[in-house]
Amino acid sequence: MRMANKQSKVDSLKEPISKLVAKNDILRRENTEIKSENIKLKTENAKLKQALKEHESRFMKLEQNDKDTASENAKLKATSRNILSRYISIYNT
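FYI, in UniProt numbering the residues of the sequence shown are 1 to 93.
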């Protein structure tokens, strides 16, 4: 009778174990999909970081160019005023 009782317990555990194995398989597949998506996102993140660095570099160059242009414009305005002033003084004499 004891052997039949043990077999009955074993038989009663087969279904829950089978369900757990199936659930484990599902979780492993989901984990693999999540890892794959994580790799894709990390790759995309790296590309975006590189693009950001490139844009920041370009922006800094444009800012410097803007400063250089403003400085050049100021020099040209001063030169223009100087020429105009000389012209007026020559014209008035």
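We put the beta carbon where it would ideally sit given N, CA and C, even for glycine. Please read all numbers here as calculations on a predicted model, not as lab measurements.
Check: If we ignore side chains and look at the alpha-carbon of each, how far apart do residue 36 and residue 29 end up?
Finding: 11 Å
Check: Which of helix, strand or coil does DSSP assign to residue 32?
Finding: helix
Next item on the list: Can you grab the Cα-Cα spacing for the pair residue 58 / residue 46, in whole Å?
Entry: Residue 58 and residue 46 have their C-alpha atoms some 18 Å from each other.
Checklist line | Alpha-carbon to alpha-carbon, residue 89 and residue 70 | finding: 28 Å
Check: Alpha carbon to alpha carbon, how far is residue 33 from residue 60?
Finding: 40 Å
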